[in-house]
Amino acid sequence: MRRGLLAMCLIASMVLAGCLGPSSASWGNGSGAVSVNFSMESTTVKTTLAGDARTISELVPVGCTPGSEGGTLE
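The sequence shown begins at 1363 in the working numbering and counts up one residue at a time.
What follows is the structure in structure tokens.
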């Protein structure tokens, strides 16, 4: 009984650690990848993680204000 419980705990820990889960996303433009286009004016995220290509735009970058040498942190 204890060996069965130990085996179930080991399997559950592997699933929670991602050993049996899906692989993580990669950066780029290929299948299963995430691409980010960042500028001071806007940010666009393109992803193919859910199968179909999806573009998320109209994101406002935060943390920088326009200034010398590309901006200053707030």
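Heads up, the beta-carbon is just placed ideally off N, CA and C, and yes, glycines get one too. All figures in this text were calculated on a predicted structure; none of them were measured in a lab.
Between V1396 and T1409, the CB-CB gap stays under 8 Å.
DSSP places S1393 in no alpha helix (DSSP H); its state is neither H nor E. Beta-bridge analysis with DSSP links T1406 to N1399. Of the candidates L1378, F1400, A1412, A1412 places its Cα closest to the Cα of S1393.
Under DSSP, S1388 takes part in a beta bridge, and its partners are A1395.
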